[in-house]
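So the sequence lines, in the order shown, correspond to chains A and B.
Counting along the first sequence from 1, when you hit position 48 you're at 48 in UniProt numbering, and nothing is skipped either side.
Counting along the second sequence from 1, when you hit position 217 you're at 217 in UniProt numbering, and nothing is skipped either side.
Beta carbons: idealized from backbone N, C-alpha and C, even for Gly.
Here the structure is a predicted model, which is why all the values come from computation and not from measurement.
2 protein chains.
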Amino acid sequence: MTKERLYIYDTTLRDGQQTQGVQFSTSEKQQIAGALDTLGVDYIEGGWPGANPTDSEFFEDRPSTKATFTAFGMTKRAGMSAENDDVLAAVLNADTPAVCLVGKTHDFHVETALGITLAENTENIEKSIVHLKKQGREPLFDAEHFFDGFKANPAYAIETVKAAYEAGARWVVLCDTNGGALPSEVYDAVKAVIKAGIPGDHVGIHTHNDTEQAVANSLAAVDAGARHIQGTLNGLGERCGNANLTTLIPMLLLKEPYASQFEIGVTKDALQGLTRTSRMLDDILNRVPSKQAAFVGASAFAHKAGLHASAILKDPTTYEHVPPETVGNARIIPMSNQAGQSNLRRRLAEAGIEVEKGHPALGAMLEKIKEKEALGYSFDTAQASFELLARRELGLLPDFFEVKRYRVSVERRKNKYNKMVSLSEAVVVIKVGDEKHLSVSESMDESGADRGPVNALSKALAKDLGPYQDVIDDMRLVDFKVRITQGGTEAVTRVIIDSIDSQGQQWSTVGVSANIVDASFEALVDTTLWKLVNDGATPVS
Amino acid sequence: MTKERLYIYDTTLRDGQQTQGVQFSTSEKQQIAGALDTLGVDYIEGGWPGANPTDSEFFEDRPSTKATFTAFGMTKRAGMSAENDDVLAAVLNADTPAVCLVGKTHDFHVETALGITLAENTENIEKSIVHLKKQGREPLFDAEHFFDGFKANPAYAIETVKAAYEAGARWVVLCDTNGGALPSEVYDAVKAVIKAGIPGDHVGIHTHNDTEQAVANSLAAVDAGARHIQGTLNGLGERCGNANLTTLIPMLLLKEPYASQFEIGVTKDALQGLTRTSRMLDDILNRVPSKQAAFVGASAFAHKAGLHASAILKDPTTYEHVPPETVGNARIIPMSNQAGQSNLRRRLAEAGIEVEKGHPALGAMLEKIKEKEALGYSFDTAQASFELLARRELGLLPDFFEVKRYRVSVERRKNKYNKMVSLSEAVVVIKVGDEKHLSVSESMDESGADRGPVNALSKALAKDLGPYQDVIDDMRLVDFKVRITQGGTEAVTRVIIDSIDSQGQQWSTVGVSANIVDASFEALVDTTLWKLVNDGATPVS
Chain A
1 MTKERLYIYD TTLRDGQQTQ GVQFSTSEKQ QIAGALDTLG VDYIEGGWPG ANPTDSEFFE
61 DRPSTKATFT AFGMTKRAGM SAENDDVLAA VLNADTPAVC LVGKTHDFHV ETALGITLAE
121 NTENIEKSIV HLKKQGREPL FDAEHFFDGF KANPAYAIET VKAAYEAGAR WVVLCDTNGG
181 ALPSEVYDAV KAVIKAGIPG DHVGIHTHND TEQAVANSLA AVDAGARHIQ GTLNGLGERC
241 GNANLTTLIP MLLLKEPYAS QFEIGVTKDA LQGLTRTSRM LDDILNRVPS KQAAFVGASA
301 FAHKAGLHAS AILKDPTTYE HVPPETVGNA RIIPMSNQAG QSNLRRRLAE AGIEVEKGHP
361 ALGAMLEKIK EKEALGYSFD TAQASFELLA RRELGLLPDF FEVKRYRVSV ERRKNKYNKM
421 VSLSEAVVVI KVGDEKHLSV SESMDESGAD RGPVNALSKA LAKDLGPYQD VIDDMRLVDF
481 KVRITQGGTE AVTRVIIDSI DSQGQQWSTV GVSANIVDAS FEALVDTTLW KLVNDGATPV
541 S
Chain B
1 MTKERLYIYD TTLRDGQQTQ GVQFSTSEKQ QIAGALDTLG VDYIEGGWPG ANPTDSEFFE
61 DRPSTKATFT AFGMTKRAGM SAENDDVLAA VLNADTPAVC LVGKTHDFHV ETALGITLAE
121 NTENIEKSIV HLKKQGREPL FDAEHFFDGF KANPAYAIET VKAAYEAGAR WVVLCDTNGG
181 ALPSEVYDAV KAVIKAGIPG DHVGIHTHND TEQAVANSLA AVDAGARHIQ GTLNGLGERC
241 GNANLTTLIP MLLLKEPYAS QFEIGVTKDA LQGLTRTSRM LDDILNRVPS KQAAFVGASA
301 FAHKAGLHAS AILKDPTTYE HVPPETVGNA RIIPMSNQAG QSNLRRRLAE AGIEVEKGHP
361 ALGAMLEKIK EKEALGYSFD TAQASFELLA RRELGLLPDF FEVKRYRVSV ERRKNKYNKM
421 VSLSEAVVVI KVGDEKHLSV SESMDESGAD RGPVNALSKA LAKDLGPYQD VIDDMRLVDF
481 KVRITQGGTE AVTRVIIDSI DSQGQQWSTV GVSANIVDAS FEALVDTTLW KLVNDGATPV
541 S
């Protein structure tokens, strides 16, 4: 059976940027566009040229992509020709192969928001699409508020999209702009559009997640015949977000009836990069990845219930709707039960530590992990601290150095210009073999700003490690994350530290304490130890 | 037209607890049950008595609720009678009016996971339900893997649920245990169950969010005739979570066709507490509330796009599918545009600060807020710091005291028992009028544990405020949250502090700095100032 082609249109860089708190830099846009292209989406919408400096800059230096690079804009305004509309001209100046223009389809919006007649609006749509076509661009029409419009005045809503289609729009994209439509409504409206004469392979869908049904609505449109889906990575977007491509893409590739019916630009090989791509976007946004995210969340294949965990051992399909590796994710079975030991051995092997089945240290290790996790440690994220713990239990961690004591102080007072300034200072005392090393550092960066006690401690610890100094010199702290576990006055602080070195190694460690400085110091020591182990430093003692 | 009754069954305390990282204490379970009862759900499932100590303890001291309190368990095992099954006995011993038992309906699971015959399994279901009935309990049957079972062997899946219904189950709850079913599959299977002779008002639905369609699947079941929906607050649950009641409840109450067709236990008044209830649960779990959550997320009614924000001013229905106040949420329009000023005046009025329209301080205030938010401050959560900022701009904040300087140190070394211990010490110097006050405190709590530098600072600051001491004596820090804004080495720390006093006032303040101690101190000072302002302390100076 020949598969039908279904097109994926990504709007992370435009609609995704409408997320509260999100503002991509030009280089971040480049990075995301690259990842989308590797994944294999068909269209990448880069932004609205002319709407803001970042978008304009990005289009000036846009990446070359296999995907059809698309600029977003709006249909020409009333009272001027498409040729003379400067907003539209700015969009065309970006010189992209495809252009997607938003226009009104809901009579209420035409009359209330624009204040023009219905006929004028239809003409604006038609003239704008004709203009794009004349300029040799692939024209897309973004039918704003289509589903609300179709409910209020179906004849007019259909009139607008037909105008766009007949003027030459490659795709007429039906938008649930306010996110309130239900799947059955979407299904019926798409059917009506196709019945009115726009073939399904010219109909697209663009939904929002205000009722948690953006994915269901997108699929309902496909069920009704639409062949183009718009969405964003991780469901970024205005208010509750857009349809989540990170969910839709595996749905279309892995699940029936879609997998047999359609061909999309994303291959099964590329799909294995999905989890990584999703996490990369969160990294760029400095967001904590949603653990519960469908397909790519860290918990998406975690089996906590005892009954589930034991059945999974017999056959993973008992509690999994797709295999985790298909999307580059992994199964998690709690360490605390029987499944734990084989799971643990797998994780150790990944870290290059082979332990034979049934080794007595495995049980002790699981106990230790359980105990520490109860205190607030999290070894899922801090793989390096996990490895150190394992090595310690297996007797594979040399005594590189001993921390004798440290002291850190923060002082805030007026400087000589009568301005309040603060300064942190740290003293760290370690012993390597028989030799004591005292180091002191302060927290000022090049600009003279105080970067706080953890910065001072980190510098003091790395200042003089005696014979190991060469090994740790290329190590650099790149991120520092603090989470309070347990609320209230009993609050305990978990600190995760990410480090890199000149060989491109990246590792994460964890520290936990009621004292935030202590928690940080613990993570800093682990960071250093991991680097010594991994670079094969020779212990002095 | 008479509305049909639709029942809401909450399983936050049982299935919700299967969320990775979630473990409720008994008192937290009490608190959540109370909130659910206030909201008006019909059933509250408390857990599995006998499965773990917390669940057993909770049932021993269970709250009295209007909702039908329900215990969860599993159908009797093969080879023993319902009367002699000790696991089932533990569930019945909890003495709840209703009991929900999970059982197999998928032939593959019966044979693979249980290793018994199909007939034995059906008999286990039947006998268990009869036993519940005999004990005077309302029996519910949780049909595990029903939709997968129905796909594989429809006759057997139907046989199991019919056995439960005919044995007297009040509800037969069809479960999409693995979360992989599509809305159309759910719709067809529910129709088939009803056609097989189980009336819709005895059919329930229980879905999971593995394809982001738990809400759509629940509504598809209702469309097909089911009249009982199971879910959890905030969509907690194993893997990607359960159907989110925080979304489903407003859908059923506010949106057509559901609002006209059904009556549920939740009233429109109670619905206004939904956002608060959702945030309370996140507070208990010390989770960051999802901003993008449907209906209750902080961004759910945030209008960032310029075109949207200006249309919203003309008529909110232009870009909102329901009014935010119906669910106790609020519209957010970026402060930086024209809408900002009226928005700001509304927030000030809520804090008891009336400012006339067009007051010149409003513009300055917006600028200040924008500037500080760019640095990492967040005034949405820290209402008290927002009020102080506004008062400062309006000249309404007296000079209660001046911080001259502080110093805090953390030291870690071996104690006399050769054990590593840490201790923090803080000195704070303030000036009240012409008088200098020096205070010193250390960070030890009653148990002798070090609670870190912020604890020491907080105690030193509150130790001697001279003439204001009486006013601040009943103030207590209850939570402390740290977030790193901006990643990497340029990391900036945002600290939010929540405080309460003996009058039950609760307020939140914010501090931002690259130095975490500095950020905390700033929030501590705001905490103290807000209390002085709010209790009408008379400034000395």
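Distance from Leu236 of chain B to Ile205 of chain B at the Cβ level is roughly 17 Å; contact not present, criterion being Cβ atoms closer than 8 Å.
In chain order, Phe24, Lys29, Ile32, Ala33, Ile44, Glu45, Gly46, Gly47, Phe58 place their CB closer than 8 Å to the CB of Leu13 of chain B, counting only its own chain and leaving out the 5 sequence neighbours on each side. Membership of Met74 of chain A in any alpha helix (DSSP H) is not indicated; the residue belongs instead to the beta strand (DSSP E) covering 68-74. With a threshold of 16 other beta carbon atoms within 10 Å, Lys162 of chain A meets it and is buried.
Here DSSP, grouped into helix, strand and coil, assigns Glu256 of chain A to coil. Contact of Asn209 of chain B with chain A by beta-carbon distance below 8 Å involves Gln292, Ala294. Residue-level contact check: His109 of chain B touches chain A, since one or more beta carbons of chain A fall below 8 Å from its beta carbon.
In this model, Phe141 of chain B and Thr105 of chain B are separated by some 11 Å (Cα to Cα).
Within the stretch 298-317 of chain B, contact with chain A at the beta-carbon level (separation under 9 Å) is assigned to Ala298, Ser299, Ala300, Phe301, Ala302, His303, Lys304, Ala305, Gly306, Leu307, His308, Ser310, Ala311, Lys314, Asp315, Thr317. Setting aside the 5 residues that flank it on each side, Met420 of chain B is surrounded in the same chain by Arg412, Arg413, Lys414, each with a C-beta closer than 8 Å to its C-beta; the list follows chain order. Across the structure, Lys357 of chain A and Asp315 of chain A are spaced so that their CA atoms are roughly 21 Å apart. For Thr277 of chain A, no Cβ of chain B is located within less than 8 Å of the residue's own Cβ.
Looking at the DSSP output, Arg5 of chain B bridges to B:Glu263. When the alpha-carbon of Pro49 of chain A is set against those of A:Arg62, A:Asp42, A:Gly40, A:Ile500, the nearest one is in A:Arg62. Note on geometry: alpha-carbon atoms of Val512 of chain B and Ser447 of chain A lie some 18 Å from one another.
The beta carbon of Lys191 of chain A sits closer than 8 Å to the beta carbons of Ala224, Gly225 from its chain, once the five residues preceding and following it are set aside; these are given in chain order.
For Leu438 of chain B, the secondary structure class from DSSP, reduced to helix, strand or coil, is strand.
Boundaries of the beta strand (DSSP E) harbouring Ile496 of chain A: 492-500, taken from the DSSP string. Leu39 of chain A has its alpha-carbon roughly 43 Å from the corresponding atom of Val172 of chain B. For Thr122 of chain B, no beta strand (DSSP E) segment is defined; the enclosing uninterrupted segment is the alpha helix (DSSP H) at 118-134. Proximity of Ile516 of chain A to chain B, defined by a Cβ-Cβ separation below 8 Å, is satisfied.
Tyr468 of chain B sits away from Arg227 of chain B, with the two beta carbons spaced by 8 Å or more. Ser502 of chain B counts as exposed, since fewer than 16 other beta carbons sit within 10 angstroms of its beta carbon. Nearest Cα to Ala298 of chain A within the set A:Thr381, A:Lys372, A:Tyr319: A:Thr381.
Thr68 of chain A places its beta carbon less than 8 Å from that of Asp42 of chain A. In the displayed model, Arg276 of chain B falls within a helix according to three-state DSSP. For the stretch 178-206 of chain A, the beta-carbon criterion of a distance under 9 Å to any beta-carbon of chain B is satisfied by Asn178, Gly179, Gly180, Ala181, Leu182, Pro183, Ser184.
By the Cβ-count criterion, Arg5 of chain A is exposed, with fewer than 16 other Cβ atoms from all chains shown falling within 10 Å of its own Cβ. Using a Cβ-Cβ cut-off of 8 Å, Met444 of chain A does not count as an interface residue toward chain B, since no Cβ of chain B sits closer than that to its own. With contacts defined by Cβ atoms closer than 8 Å, Asn178 of chain B and Glu159 of chain A do not form a contacting pair. Residue nearest to Ala89 of chain A within the set A:Gly115, A:Ser128, A:Asp107 is A:Ser128 (criterion: CA-CA distance). For Pro139 of chain A, the three-state secondary structure derived from DSSP is strand. Per the coordinates, the alpha-carbon of Glu387 of chain A lies some 7 Å from the alpha-carbon of Ala351 of chain A.
Within chain A, the residues Phe480, Lys481, Val482 have their CB atoms less than 7 Å from the CB of Ile484 of chain B, given in chain order. For Ala519 of chain A, the uninterrupted alpha helix (DSSP H) segment begins and ends at 516-534. Under DSSP, Trp507 of chain B forms a beta bridge with B:Ser499.
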